[in-house]
Ligand SMILES: [Zn+2]
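Residue numbers (this note's numbering): 65 to 378.
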């Protein structure tokens, strides 16, 4: 089974020359861009009427006067061009704009590739705009420029660009082909995922993988190999996925008791039984953790009694 990363299936042409030359709101006013709405806390506004043939969710697209009204006075970002049409994202507050708001974590895997890519980029920018409002050098307020892709300090002129924090996530298999799953102390009971953590200052991701596994569950690994990367803009992480084997045949993980409450190895049969019985819940379907786990499992993970209510997590 190939690895399916739902948020990066599609492609948005960044059309950098266009975004540097025309303000996003001007494009909307001229009728040359459609508008989507996002809330920087991770939410996208869906079209309640429009549904694709598979009944999957679709981003709400505003055009014409409706788009212009939404864009006036709002923070607007030029996201790029999809199927020949420019798209501008407007940052809105989901408590003030009525409609079907959903968290991208929850619906990302059901969106078509283009909508997922638009939402991913729009939210990465929106969450950055929310957090980055003052110059880190002189503490003066900043103004968003370059179609949403940079911010300039009004006092010292310093330019800043959107950041992503590198993080690693690793699927560890023991020598009996079982997978290591861990429960984080901050998650709801039963939720499990792969070992993950941020790359520290001055550290390479390849080194961070072994450090995280050692720190969190005291397991030594080898044969570390890179798999794929998916941005995760809730926070602003760039999740770099790795695979690794345990050095010993079947080590016993020892949870650190701080970040990780418990951890154990599961065979495919044990995981299916635990999921179906509701003893554990899988990571959210939009995540790289789910994709890597499903690839190891050989298909979609079995659903349990509580799957529909399972907490989504980062
Ligand atoms: Zn400054």
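Glycine is no exception: its CB is placed at the ideal position from the N, C-alpha and C atoms.
Residue i - partner residues in DSSP beta bridges
i           : result
residue 144 : 151
residue 304 : 232, 293
residue 109 : 165
residue 345 : 255
residue 99  : 126, 152
residue 244 : 329
residue 214 : 209
residue 77  : 145
Secondary structure of residue i, DSSP reduced to three states
i           : result
residue 288 : strand
residue 251 : coil
residue 67  : coil
residue 357 : helix
residue 135 : helix
residue 185 : helix
residue 275 : helix
residue 373 : Per-residue confidence for residue 373 stands at a pLDDT of 48, beneath the threshold of 50, marking its modelled position as unreliable; no derived number is given.
residue 30  : Residue 30 lies beyond the residue range present for the chain, which begins at 65 and ends at 378; the question has no answer from this structure.
residue 261 : strand
residue 368 : coil
residue 201 : coil
residue 352 : helix
residue 92  : helix
residue 224 : strand
residue 319 : coil
residue 83  : helix
residue 179 : helix
residue 270 : helix
residue 11  : The structure shown has nothing for residue 11, since the chain only spans 65 to 378.
residue 194 : helix
Cut-off 7 Å between Cβ atoms - residues of its own chain near residue i, not counting five sequence neighbours on either side
i           : result
residue 182 : 76, 100, 123, 143, 146, 151
residue 210 : 83, 84
residue 323 : 248, 249, 280
residue 191 : 104, 297, 300
residue 333 : none
residue 127 : 98
Contact set for residue i: own chain, Cβ-Cβ below 6 Å, skip 5 residues either direction
i           : result
residue 131 : 92, 99
residue 224 : 215
residue 331 : 242
Proximal residues to residue i (C-beta, below 8 Å), its chain only, five neighbours per side dropped
i           : result
residue 97  : 88, 91, 131, 142, 149, 150, 151, 152
residue 156 : 101, 102, 103, 109, 134, 138
residue 178 : 74, 75, 76, 146, 147
residue 256 : 245, 246, 247, 344, 345, 346, 347
| query | Given 8 Å as the limit, is there contact between the stretch 299–311 and the stretch 278–285, that is, 3 or more CB pairs closer than that? | reply | Using a Cβ-Cβ distance cut-off of 8 Å, the stretch 299–311 and the stretch 278–285 are in contact, since at least three pairs of beta carbons, one from each stretch, lie closer than that value.
| field | Shell residues, 6 Å Cβ cut-off relative to heavy atoms of ligand 1 | value | Those residues having their beta-carbon less than 6 Å away from any non-hydrogen atom of ligand 1 are, in chain order, 199, 201, 202, 204, 217, 219, 220, 222.
| At least three beta-carbon pairs within less than 8 Å, the stretch 170–187 to the stretch 242–253 | Not touching, per the Cβ criterion.
| request: Flag this pair as touching only if the stretch 198–205 and the stretch 292–304 have three or more C-beta atom pairs under 8 Å; answer yes or no. | output: No, because fewer than three Cβ pairs between the stretch 198–205 and the stretch 292–304 fall closer than 8 Å, the two stretches do not touch.
| query | Does the stretch 270–284 come within contact of the stretch 340–347, defined as at least 3 CB pairs closer than 8 Å? | reply | The stretch 270–284 is not in contact with the stretch 340–347.
| Touching by the beta-carbon criterion (3+ pairs, under 8 Å), the stretch 185–201 and the stretch 349–362 | Counting C-beta pairs with one atom in each stretch, the stretch 185–201 and the stretch 349–362 have fewer than three that are closer than 8 Å, which means they do not touch.
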